[in-house]
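In my numbering, the protein residues as written are 12 to 448.
The structure appears below as structure tokens.
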């Protein structure tokens with residue numbers, strides 16, 4: 012009891028200042044590692060057309076490479092790695108994972124066939140499974156619950172930043188050093204960043220930022236999974252987030268190819284305009300989703316789901332307008348709004364899982380949510396659009412991607428309905444958790 016009281020006592024000013032520095036370093040280093048994660052994941056989508064010119068892959072094959080080949084192995088190892096993270100040193104685990112996925116990214120540049128490129132993508136997926144969920148667990152231990160939506164919004168902005176860097180650098184590299192050189196370059200960056208993480212970031216105590224944070228034993232996988240059955244809002248969240256990810260990953264993986272192949276956008280214009288537009292839009296969406304919920308949830312916890320629901324309803328008509336616009340200039344301009352809206356759900360969903368689960372289950376609970384993001388969203392969305400594009404290509408030609416992207420919009424409508432259902436359940440789950448505290 013004395014130890015617990017000491018842990019809960021206010022820290023002296025010097026200790027508080029040191030903790031503030033540790034928090035800031037952890038936030039920015041994990042965000043940098045997460046950005047490298049997304050660059051390595053996203054760059055293949057930008058290089059579709061140059062690779063297709065050399066290897067003659069179909070859109071279905073690219074749907075597998077950009078989605079399922081990565082997501083399947085991410086899903087297989089994601090949960091075991093997250094369970095390790097709930098029991099072991101998370102910073103070391105993240106650094107080792109970064110080293111693995113960066114090495115396999117470099118190997119993508121040596122591929123000479125579909126099988127070789129798919130095998131390298133499997134390795135990228137295995138490595139990246141140890142990045143996001145442990146990072147979220149670390150940040151939840153550094154920051155208190157009321158700050159987590161905003162902090163997670165900042166951290167998950169690594170996705171848009173990675174898209175911006177991947178699109179801009181990938182398009183430039185395809186012109187100047189070739190698509191193989193692009194893979195080599197981004198792989199080397201990760202191999203350098205991994206040891207820096209070990210040097211700069213300290214492992215925080217489990218649950219140090221929670222009101223009552225006894226360092227209890229980590230629950231089993233079954234007990235962690237039971238949290239989703241115990242809380243109705245989390246069950247519905249898995250369904251809603253899976254559909255939202257299906258749409259957003261499908262859109263974001265195929266927009267570059269649509270702009271180039273269907274709308275006639277030159278490769279140099281992709282580097283100059285699409286990269287910054289996508290990076291800015293998605294960053295605003297992810298950060299804005301966390302910031303809006305951070306503020307609105309003080310009045311009502313329904314904001315965790317109502318704000319993503321409203322964003323999805325805005326996304327549908329604006330994306331349809333962008334797809335039907337004449338020329339790449341109008342398409343890209345009109346796509347800014349849907350690219351903002353399609354990512355707003357990410358930070359609120361992750362923050363909701365962090366705030367409704369105990370400290371020792373957070374990495375595993377996050378991995379369960381990320382499993383749905385990646386298996387249903389990344390694994391299904393790009394593949395679905397690629398298969399539809401191949402199916403209608405004989406009659407539609409270069410218009411096939413426009414048709415395929417339009418076919419994803421019904422799933423977005425169902426996602427909005429599911430997000431509204433989450434908003435009706437989340438208040439009861441927060442009250443039940445507070446009653447048990």
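For every residue, glycine included, the Cβ atom is placed at its ideal position computed from N, Cα and C.
What you are looking at is a predicted structure, and each value in this text was computed from that prediction instead of being measured.
Inset, instruction - Measure the C-alpha to C-alpha separation of residue 386 and residue 138 and round it to an integer number of angstroms. - result: 15 Å
Legend entry - Contact check, residue 199 vs residue 422, beta carbons under 8 Å: no
Inset, instruction - Could you work out which residue in 215, 302, 239 is closest to residue 459 when comparing CA atoms only? - result: What the structure shows of the chain is the stretch from 12 to 448, and residue 459 is not part of that stretch, so it cannot be assessed.
Legend entry - Span separating the alpha-carbon of residue 346 from that of residue 121: 34 Å
Inset, instruction - Answer yes if the stretch 167-180 comes into contact with the stretch 49-65, meaning at least three C-beta pairs across the two stretches below 8 Å, and no otherwise. - result: yes
Inset, instruction - Go through its chain and collect everything with a Cβ distance to residue 100's Cβ below 7 Å, but skip five positions before and after it. - result: 214
Inset, instruction - Step through the CB atoms of chain B and report whether any lies within less than 8 Å of the CB of residue 168. - result: No chain B appears in the structure shown, which is made up of a single protein chain.
Inset, instruction - Identify the continuous alpha helix (DSSP H) that holds residue 163 and give its terminal residues. - result: 159-167
Inset, instruction - Quick one: which unbroken alpha helix (DSSP H) runs of 4-plus residues sit fully inside the stretch 357-423? Chain order, please. - result: 357-366, 373-383, 390-407, 411-417
Legend entry - residue 208 - DSSP class collapsed to helix/strand/coil: helix
Legend entry - Reference residue 89, options 382, 77, 396, closest by Cα: 382
Inset, instruction - Give the straight-line distance between the Cα atoms of residue 428 and residue 135, rounded to the nearest whole angstrom. - result: 34 Å
Inset, instruction - Just confirm the distance between the C-beta atoms of residue 252 and residue 380, as a whole number of angstroms; I'd bet it's less than 8 Å. - result: 6 Å
Inset, instruction - Inspect the beta-carbon positions of residue 140 and residue 92 and report whether they are closer than 8 Å. - result: yes
Legend entry - 4-residue-minimum alpha helix (DSSP H) runs that sit fully inside the stretch 68-142, ordered along the chain: 70-74, 80-96, 101-119, 125-139
Legend entry - Selected residue, minimal CA-CA separation from residue 316, among 359, 348, 325, 275: 359
Legend entry - Segment limits, alpha helix (DSSP H) that includes residue 311: It is not in any alpha helix (DSSP H) - residue 311 carries neither H nor E in the DSSP assignment.
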